[in-house]
Amino acid sequence: MRCFFHLVNGREMILDDTGVDVVDFEMAATQARNAIDELRYANGGSRDDWSGWRLEIVGVEGRLLHSLDLEPALH
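Residue 1 is where the sequence shown starts when you use the UniProt record's numbering, and the numbers rise one by one after that.
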């Protein structure tokens, strides 16, 4: 199964045109969480620059499989 990880906010999209091959959805979700961690690390751990952004896991046919906020909700 091939998945793509698009970064999206209300106004912009950064599309993943390469994608990754995964065995199942759980592996795709793990890859997505790892990508989010890498983005945060590259940004010095700051979440401010990614406020309002989400990472969308999209299948090869373009169907949205799952969406993860880059900034965790505050409780």
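Cβ coordinates follow ideal geometry from the N, Cα and C atoms, glycine included.
- Here Ala32 is buried, its C-beta having at least 16 other C-beta atoms within 10 Å.
- Beta-bridge analysis with DSSP links Gly59 to Cys3.
- A distance below 7 Å separates the beta carbons of Cys3 and Ile57.
- Taking the C-beta atoms as reference points, Leu64 is found no nearer than 7 Å to Leu55.
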